[in-house]
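Below is one structure; the comments refer to it alone.
Protein chains: 4
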Amino acid sequence: MDYLQILREIEQEISPLKNEGEVASYIPQLQKVNPDHFGICLQFLNNDCFGLGHCDKAFSIQSISKVFSVTMVYSMLGEMLWQRVGVEPSGTAFNSLVQLEYEKGIPRNPFMNAGALVVCDILCEHFDQPKDELLKFVRHLAGDQSIDFNIEVALSERDAGYKNIAMANFLKAYGNLHNKPSKVLETYFFMCSIEMSCRQLAQSFLFYAQHGQGKSLYPLTESQGKRLNALMQTCGFYDEAGEFSFKVGLPGKSGVGGGIVAIYPKKYSVAVWSPRLNKKGNSVLGLKALELLTSKSGLSIF
Amino acid sequence: MDYLQILREIEQEISPLKNEGEVASYIPQLQKVNPDHFGICLQFLNNDCFGLGHCDKAFSIQSISKVFSVTMVYSMLGEMLWQRVGVEPSGTAFNSLVQLEYEKGIPRNPFMNAGALVVCDILCEHFDQPKDELLKFVRHLAGDQSIDFNIEVALSERDAGYKNIAMANFLKAYGNLHNKPSKVLETYFFMCSIEMSCRQLAQSFLFYAQHGQGKSLYPLTESQGKRLNALMQTCGFYDEAGEFSFKVGLPGKSGVGGGIVAIYPKKYSVAVWSPRLNKKGNSVLGLKALELLTSKSGLSIF
Amino acid sequence: MDYLQILREIEQEISPLKNEGEVASYIPQLQKVNPDHFGICLQFLNNDCFGLGHCDKAFSIQSISKVFSVTMVYSMLGEMLWQRVGVEPSGTAFNSLVQLEYEKGIPRNPFMNAGALVVCDILCEHFDQPKDELLKFVRHLAGDQSIDFNIEVALSERDAGYKNIAMANFLKAYGNLHNKPSKVLETYFFMCSIEMSCRQLAQSFLFYAQHGQGKSLYPLTESQGKRLNALMQTCGFYDEAGEFSFKVGLPGKSGVGGGIVAIYPKKYSVAVWSPRLNKKGNSVLGLKALELLTSKSGLSIF
Amino acid sequence: MDYLQILREIEQEISPLKNEGEVASYIPQLQKVNPDHFGICLQFLNNDCFGLGHCDKAFSIQSISKVFSVTMVYSMLGEMLWQRVGVEPSGTAFNSLVQLEYEKGIPRNPFMNAGALVVCDILCEHFDQPKDELLKFVRHLAGDQSIDFNIEVALSERDAGYKNIAMANFLKAYGNLHNKPSKVLETYFFMCSIEMSCRQLAQSFLFYAQHGQGKSLYPLTESQGKRLNALMQTCGFYDEAGEFSFKVGLPGKSGVGGGIVAIYPKKYSVAVWSPRLNKKGNSVLGLKALELLTSKSGLSIF
């Protein structure tokens with residue numbers, strides 16, 4: 001199959017949608033991005049790699065980072081992890097406090113903000129410098145020491161992220177944070193501020209395409225690797241996980257910076273980026289591009 | 001791989017759990033079943049078939065029937081179907097009215113009771129005898145004309161199914177039923193009362209393992225077939241879809257009669273049955289057996 | 001105080017609002033009313049009575065009837081009644097199923113539709129012809145044998161009242177209806193269809209102004225009479241009970257037919273009617289008229 | 001009427017309940033109280049005053065303080081106040097975030113924690129030292145300069161009050177706090193830590209029995225005074241306002257320190273204190289004592 005040709009077709013076919021959606025605006029730093037950028041990078045396990053557009057431009061990966069942090073704690077704690085966070089889709093908006101209240105402080109999954117805060121709390125329990133440890137892991141996965149936090153974004157989230165501050169204190173009230181909310185939040189905000197390009201993301205997600213096997217600072221068993229992929233499938237897209245499964249048919253994770261990464265187990269990873277988001281917080285062009293990719297290649301997992 | 005050997009190992013390894021869970025009790029007819037029965041049938045696309053235990057004994061398929069009915073209306077309406085029912089996991093118990101109220105009468109997916117009622121309403125719009133048309137389709141898929149409703153179960157649900165009656169009237173209040181609630185409910189109750197064996201279920205689900213391709217009264221396009229599989233993956237297990245994806249890693253559907261069917265695309269279908277249910281309404285032994293099957297065979301989709 | 005003069009001032013001062021709001025439209029029969037009608041009747045315990053406008057024209061009293069039915073069952077069961085229905089404001093829209101689900105089938109108070117259905121169920125347990133018994137009580141309280149059901153309205157509600165049908169079946173599912181939902185619903189729909197004028201309502205509510213004392217088919221103790229008034233104060237106006245207490249300061253009950261009745265204990269009762277409703281289902285002119293009445297007379301209970 | 005005799009009878013009649021309920025335990029300082037204390041003080045507008053038991057012992061007034069703070073902002077802002085906080089009962093537990101989320105950051109009433117935080121925010125907008133200004137007002141109302149904060153309690157709440165911290169940040173996220181959450185919270189925690197005796201509370205609530213008339217640092221119009229009383233009636237007892245109206249029939253306010261104050265307009269105020277609370281957070285003996293008081297004196301407002 002001529003994958004570069006497929007990517008070119010995709011780039012053309014999505015262009016009618018290019019003005020749809022809005023760039024995330026809840027912090028000013030995220031609005032500074034050029035809304036018209038689009039990049040995609042398809043990386044095969046056999047090392048073939050196909051990139052297009054702004055596939056080498058770093059952007060704010062935001063919630064995609066939650067995959068990295070949950071990998072670390074899953075590797076360290078094993079199945080014990082699931083006593084503090086669930087594996088079920090939420091069925092509500094990603095920052096909802098409602099469900100957390102009904103379910104007594106156990107977040108439904110580690111990709112909701114509340115669940116990611118619990119994951120960050122576990123990192124704080126195990127490391128003196130949790131955010132540095134996380135960055136080390138990400139750089140290792142991507143094989144690129146230039147990856148870094150955007151401190152301006154992190155500080156901006158800290159100053160404006162009232163819902164996340166509320167959430168952390170709420171979790172603390174239910175006893176599901178063991179560290180001070182402010183410490184957990186700092187780790188969380190820095191984690192979300194990591195900047196990577198499509199190429200770096202695709203490279204780092206090969207780890208998941210291989211079921212977390214191979215050399216890694218935080219290795220997973222094959223079963224754990226599959227389970228993490230299943231979790232991305234059912235919970236990786238806020239309240240749009242069903243739609244993504246339905247139309248794209250791959251496990252993946254999105255972020256409000258406009259990035260989406262997905263994998264086809266044993267075969268490839270793919271990262272796409274475009275800043276304009278739909279109402280549910282996912283990249284409009286990114287979703288469409290991945291839908292076209294699995295249609296054209298016939299490679300969905302279903 | 002020696003699949004029969006694998007099934008035998010599974011049968012042994014699940015036996016410590018054999019007294020866990022409770023048989024569904026909301027209607028007396030479902031309680032009459034022998035709680036100790038266990039059957040499993042693994043059916044490959046190449047016609048290899050491996051069965052064990054009570055794999056030829058018919059049981060009440062209950063919610064598994066929702067896969068058949070949604071297939072019919074998806075085949076007839078195409079993507080228009082999704083204007084009346086969503087494709088997202090619910091995040092709440094399967095018979096919850098709460099979400100329906102917040103979302104103005106559009107059920108989150110066709111496998112929740114509310115969504116299945118909308119599907120039955122569409123069957124009522126298109127057929128004079130919707131339940132007979134459904135039975136014809138099921139018999140055709142399974143290649144077995146002996147499959148039938150259990151009228152006693154259907155009537156019993158009609159007399160005791162107050163939550164479903166409430167739900168149908170609630171949908172009607174929101175304008176998302178076009179027929180009389182009583183007519184839609186009759187179709188629904190008969191649909192759920194269909195009795196099939198593991199072997200018959202496995203046979204009929206080959207259709208989904210082939211992406212709805214091949215001769216069928218209600219054919220699907222390949223894309224539609226994949227999408228239906230994705231829907232089973234994210235929504236097929238009430239409020240335990242995440243857990244099932246996580247542990248089993250196959251698209252499937254369960255019913256309160258204790259049956260579960262799952263498929264591995266392009267390869268096999270598998271049906272398992274055991275009447276004792278966990279708190280979320282899924283068969284205890286069935287879940288464990290499928291978890292062991294994908295572990296032992298290494299064949300999850302992730 | 002010159003009460004007739006006060007009523008005349010009120011009539012003038014409310015006129016700027018006369019086109020605000022919408023007549024209830026969920027059944028066609030309620031829409032047939034002249035939206036511009038306005039009537040008010042102030043009835044003192046000493047028999048002084050002041051009426052104005054369409055104060056002798058009968059209208060559909062709808063939910064006001066719930067005061068009469070709860071009086072009957074409170075008189076018969078005493079404090080045992082509160083095992084099946086609560087005395088707390090709902091904090092949600094009057095026909096919400098949500099709270100009922102969280103609270104396992106015990107409605108928050110007898111003035112919500114769900115609570116009134118439980119009350120009707122109790123009437124069905126005690127009487128062969130519950131709706132006739134209710135009508136007898138209402139005629140007795142008002143001293144007027146001409147009061148009657150509007151059968152057209154009752155049948156229309158039966159055919160279109162899907163939310164109420166849903167609610168009754170939901171209560172049945174939780175075991176809090178002892179009769180068939182259809183029987184309870186018939187009583188409920190007929191109860192709501194009673195037609196009375198402001199004068200008849202004011203007359204019948206003298207019973208509550210006297211704390212349910214005096215000759216009555218269903219007498220209350222003084223304590224019960226006060227408690228029923230307290231219940232009207234906290235729960236009588238759907239999700240606007242706080243607002244009504246705040247602005248009017250009297251116990252009362254409204255209906256979607258546009259009627260409102262209120263009492264000043266030991267002194268008077270007042271009924272007002274105007275069909276245009278605000279978004280919360282209460283009469284726009286009725287609310288304003290009562291607010292002006294307590295302001296001008298200085299007679300709120302607070 | 002011999003009110004002292006009535007109080008003595010009440011003291012005896014409540015004694016069978018004296019071991020029921022639990023002292024508030026969410027902060028250690030509140031647990032240090034002697035759980036067996038009981039005091040009551042009945043203060044008439046004509047200056048007659050009847051006290052019993054520990055009626056001169058100061059205790060933590062907690063949420064009762066919310067009446068004082070809302071009085072100040074109502075006096076300053078008038079009806080504009082209700083743009084930022086509602087006047088409806090909540091229908092949910094007093095610290096619920098759920099309703100706040102559905103209603104976009106406008107708390108249902110100023111006696112819920114969220115509503116009181118908005119009130120404290122307004123105090124912070126108007127005063128450099130809001131908590132000192134509040135204390136000055138309370139001392140003035142009670143005519144007693146010895147009233148003070150319990151700094152230990154205030155600091156303890158600040159360190160452990162995660163739900164309130166969550167709530168403040170949540171309100172900030174919705175734009176309904178104009179100051180920094182930490183500043184508003186400090187005011188809130190100090191406000192709740194005020195200690196007063198039953199006698200001091202009864203004295204200070206004469207202001208409300210007089211509809212906020214008379215000399216005051218923060219005077220209310222008569223209409224405002226009545227409205228504030230109405231608000232206490234419908235919202236003063238967390239999720240037990242209906243029950244309190246039903247059984248006691250007076251406007252009032254309770255606190256988790258075990259205090260309750262109520263008023264009979266134009267006649268008297270009454271404060272009662274006993275630390276053991278029922279499941280809804282109200283004093284067991286306090287509720288019973290007030291129920292007996294209105295029964296024995298025949299003086300409920302209904």
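Chains as they are written, first to last, in this note's numbering: chain A, 1 to 302; chain B, 1 to 302; chain C, 1 to 302; chain D, 1 to 302.
We put the beta carbon where it would ideally sit given N, CA and C, even for glycine.
Which residue from D:Ser-300, D:Ile-301, D:Phe-302, D:Lys-296 puts its Cα closest to that of D:Gln-362? Residue 362 of chain D falls outside the range modelled here, since chain D spans only 1 to 302, and no answer is possible.
From which residue to which residue does the beta strand (DSSP E) around C:Ala-262 run? Reading the third sequence from its first residue, position 262 is the one you call residue 262 of chain C. Per DSSP, C:Ala-262 belongs to the beta strand (DSSP E) from 259-264.
Tell me whether B:Arg-227 sits in a helix, a strand or coil according to DSSP, three-state version. Looking up residue 227 of chain B in the second sequence gives position 227. B:Arg-227 falls in the helix class under three-state DSSP.
Taking only beta-carbon positions, decide if D:Lys-307 is within less than 8 Å of chain A. The question about residue 307 of chain D has no answer here: the residues shown for chain D are numbered 1 through 302.
Chain C beta carbons: is any one of them nearer than 8 Å to that of B:Leu-30? In the second sequence, counting from the first residue as 1, residue 30 of chain B sits at position 30. B:Leu-30 does not count as touching chain C.
Are at least three pairs of beta-carbons, each pair with one atom in the region 46-59 of chain A and one in the region 99-119 of chain A, less than 8 Å apart? no
Rounded to whole angstroms, what's the CA-CA distance from C:Ser-300 to C:Tyr-208? Just pull it up for me. In the third sequence, residue 300 of chain C corresponds to position 300, counting from 1. In the third sequence, residue 208 of chain C corresponds to position 208, counting from 1. Taking the straight line joining both Cα atoms gives about 16 Å.
So the alpha helix (DSSP H) B:Ser-69 belongs to, where does it begin and stop? Taking the first residue of the second sequence as position 1, residue 69 of chain B is located at position 69. Residues 65-77.
Within a Cβ cutoff of 7 Å, which residues of the same chain sit near B:Asn-176, ignoring the five residues on either side of it in sequence? For the purposes of this step, residue 176 of chain B is taken as the residue at position 176 of the second sequence. So the list reads Arg-84, Gly-105, Ile-106, Val-118, once near-sequence residues are dropped.
Tell me whether A:Leu-40 sits in a helix, a strand or coil according to DSSP, three-state version. Taking the first residue of the first sequence as 1, we reach residue 40 of chain A at position 40. According to the sequence as given, residue 40 of chain A is Ile; it is not Leu. Correct three-state label for A:Ile-40: strand.
Would the region 107-126 of chain D count as touching the region 161-169 of chain D if we require 3 or more Cβ pairs under 8 Å? yes
Would you say D:Phe-59 and D:Gly-258 are within 8 Å of each other, going by their C-beta atoms? Counting from one through the fourth sequence, the residue named residue 59 of chain D turns up at place 59. Counting from one through the fourth sequence, the residue named residue 258 of chain D turns up at place 258. Cβ atoms of D:Phe-59 and D:Gly-258: closer than 8 Å.
Compare the C-beta of C:Phe-246 with all C-beta atoms of chain D and state if any pair is closer than 8 Å. Numbered from its first residue, the third sequence carries residue 246 of chain C at position 246. Closer than 8 Å to some Cβ of chain D, the Cβ of C:Phe-246 qualifies, so yes.
Is the shortest distance between the beta-carbon of D:Gln-12 and the beta-carbons of chain C less than 8 Å? Position 12 of the fourth sequence holds residue 12 of chain D. Not an interface residue.
Give every residue of the same chain whose Cβ lies closer than 6 Å to the Cβ of C:Ser-25, excluding the five residues on either side of it in the sequence, and list them in chain order. Position 25 of the third sequence, counting from 1, holds the residue named residue 25 of chain C. Once the five neighbours on either side are set aside, the close Cβ partners of C:Ser-25 are Gln-31.
Compare the C-beta of A:Phe-94 against all C-beta atoms of chain B and say whether one is closer than 8 Å. The residue given as residue 94 of chain A occupies position 94 in the first sequence. The predicted model places A:Phe-94 with a pLDDT of 47, which falls under 50 and marks its position as unreliable; any figure quoted below should be read in that light. No, A:Phe-94 does not count as interfacial toward chain B.
Is the beta carbon of D:Ile-64 sitting closer than 8 Å to the one on D:Val-261? On the fourth sequence, residue 64 of chain D is found 64 positions in, with the first residue counted as 1. On the fourth sequence, residue 261 of chain D is found 261 positions in, with the first residue counted as 1. Contact: yes.
Exposed or buried, which one is C:Asn-150 when buried takes at least 16 other CB atoms within 10 Å? Residue 150 of chain C sits at position 150 when you count from the first residue of the third sequence. Buried, because 16 or more other Cβ atoms sit within 10 Å of the Cβ of C:Asn-150.
Assign A:Phe-94 to one of two classes, buried (16 or more other C-beta atoms within 10 Å of its C-beta) or exposed (fewer than that). Taking the first residue of the first sequence as 1, we reach residue 94 of chain A at position 94. Note that A:Phe-94 scores 47 on pLDDT, short of 50, meaning its location in the model is unreliable; the coordinates nonetheless yield the value given after this. Buried is the call here.
Residue nearest to C:Cys-41 in terms of C-alpha spacing, selected from C:Ser-204, C:Val-138, C:Ala-154, C:Gly-225: Numbered from its first residue, the third sequence carries residue 41 of chain C at position 41. The option with the nearest alpha carbon to C:Cys-41 is C:Ser-204.
What first and last residue would you give for the beta strand (DSSP E) that runs through C:Glu-88? Walking along the third sequence from the start, residue 88 of chain C turns up at place 88. Note, C:Glu-88: premise wrong, no beta strand (DSSP E); not H, not E.
Quick check on A:Ser-216: does DSSP put it in helix, strand or coil? Mapped onto the first sequence, residue 216 of chain A falls at position 216. Residue state, collapsed to three classes: coil.
Please give me, in chain order, every unbroken run of the alpha helix (DSSP H) with length at least 4 that falls completely inside the region 10-59 of chain A. 28-31
For a test of the three-state rule: what should DSSP assign to D:Phe-94, helix, strand or coil? The count along the fourth sequence starts at 1 and reaches residue 94 of chain D at position 94. Low per-residue confidence applies at D:Phe-94: pLDDT is 47, beneath 50, and the placement is therefore not dependable enough to give any value.
Going by DSSP, what residues sit across from A:Ile-194 in a beta bridge? Translated into positions along the first sequence, residue 194 of chain A becomes position 194. Paired residue(s): A:Phe-149.
Cβ-based burial, B:Ser-182 [other Cβ within 10 Å; buried from 16]: Sequence index remark: in the second sequence, residue 182 of chain B carries index 182 (1-based). Burial call: exposed.
Does the structure place the region 265-281 of chain B close enough to the region 235-251 of chain B that three or more beta carbon pairs sit under 8 Å? yes
Tell me where the alpha helix (DSSP H) around B:Gly-242 begins and ends. Working through the second sequence from its first residue, we reach residue 242 of chain B at position 242. Per DSSP, B:Gly-242 belongs to the alpha helix (DSSP H) from 241-247.
Identify which residue in B:Ser-193, B:Lys-180, B:Ser-146, B:Leu-141 has its Cα closest to the Cα of B:Asn-156. Position 156 of the second sequence holds residue 156 of chain B. Correcting the residue type first, residue 156 of chain B is Ser in the shown sequence and not Asn. Of the candidates B:Ser-193, B:Lys-180, B:Ser-146, B:Leu-141, the one whose C-alpha sits nearest the C-alpha of B:Ser-156 is B:Ser-193.
Which term fits A:Ser-283, buried or exposed, when burial requires 16 or more other beta carbons within 10 angstroms of its beta carbon? Translated into the one-based positions of the first sequence, residue 283 of chain A becomes position 283. Flag for A:Ser-283 reads buried.
Grouping DSSP H, G and I as helix and E and B as strand, with all else coil, what is A:Arg-276? The count along the first sequence starts at 1 and reaches residue 276 of chain A at position 276. Three-state DSSP puts A:Arg-276 in a strand.
Of all the residues that make up the region 98-109 of chain A, which are near chain D by a beta-carbon distance shorter than 9 Å? Val-98, Leu-100, Glu-101, Tyr-102
May I have the straight-line CA-CA distance separating A:Leu-17 from A:Phe-38, to the nearest angstrom? For the purposes of this step, residue 17 of chain A is taken as the residue at position 17 of the first sequence. For the purposes of this step, residue 38 of chain A is taken as the residue at position 38 of the first sequence. Rounded to whole angstroms, A:Leu-17 to A:Phe-38 spans 12 Å at the Cα level.
Distance, Cα to Cα, D:Asp-132 vs D:Cys-120? Within the fourth sequence, the letter at position 132 stands for residue 132 of chain D. Within the fourth sequence, the letter at position 120 stands for residue 120 of chain D. Whole-angstrom Cα-Cα distance: 12 Å.
Between A:Glu-9 and the rest of its own chain, which residues show a CB-CB distance below 8 Å, the 5 nearest in sequence each way excluded? Residue mapping note: residue 9 of chain A aligns to position 9 of the first sequence, counting from 1. Cβ neighbours of A:Glu-9 beyond the five flanking positions: Leu-292, Lys-296.
Rounded to a whole number of angstroms, what is the C-alpha to C-alpha distance between D:Pro-35 and D:Leu-141? To locate residue 35 of chain D, count along the fourth sequence from 1; it is residue 35. To locate residue 141 of chain D, count along the fourth sequence from 1; it is residue 141. The alpha-carbon atoms of D:Pro-35 and D:Leu-141 are separated by roughly 28 Å.
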